[in-house]
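The sequence shown stops at residue 157 when you use the working numbering, and every number in between is there.
Below is one structure; the comments refer to it alone.
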Amino acid sequence: MKKDIENHIDIKLLVDTFYDKAVADESLGPIFNDVAKVNWGHHLPIMYAFWESTLLGKIGYKGNPMDAHFKLNQQIKLTPEMFNQWKTLFIETVDENFEGKIANEAKQRAVSIADLMYYKINNYYNAPGVAKEKK
Ligand code: HEM
């Protein structure tokens, strides 16, 4: 029986394994490597903090995920297929390594944040930094 997601080491395994898959993925890999040219030494600790605060209630993540992806979407159009692939790889990563209450929550949170993110970046008037006056 696999264990649940319980501590920093588990979060690190989740995040590291997910990004190994994402970077190797045909559709998502180039976004991280070529478009965003991600500095992993910088990005991974942010992701550990994000998931630790989302799943384990730890304080520490101070960023704005919606804003980051709104900017990314201006560099490359993020499609429903890309979001589906992101969700598939995340769920696969959780299922391959963990099981339990928090593991289930991780999958649910990932899917709901992904769906909300897709909705927001495709809704002009919700986008940060965009003038809110109606045309
Ligand atoms: C098609 C789907 C997605 C792609 C291609 C993508 C890609 C990226 C990229 C390129 C960055 C910036 C990394 C950097 O330059 O440091 C980023 C940041 C981030 N992503 Fe995603 N992402 C996707 C979906 C998601 C989803 C669904 C979540 C949450 C469940 C998420 C959570 C985050 C967070 C927390 C950050 C850090 C933002 C900050 O700097 O505070 N991403 N993502």
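All C-beta atoms, glycine included, are put in the ideal place defined by N, C-alpha and C.
Values in this document were obtained by computation on a predicted structure and should not be read as measured data.
- Counting C-beta pairs closer than 8 Å gives fewer than three between the segment 51-70 and the segment 114-122, which falls short of the contact rule.
- The straight-line gap separating the alpha-carbon atoms of I81 and P102 is approximately 31 Å.
- Checking the 8 Å criterion, the Cβ of V60 is within range of a heavy atom belonging to the ligand HEM.
- When the Cα atoms are used, M23 and K129 turn out to be separated by approximately 18 Å.
- Under the three-state reduction of DSSP, K24 is assigned to coil, being neither helix nor strand.
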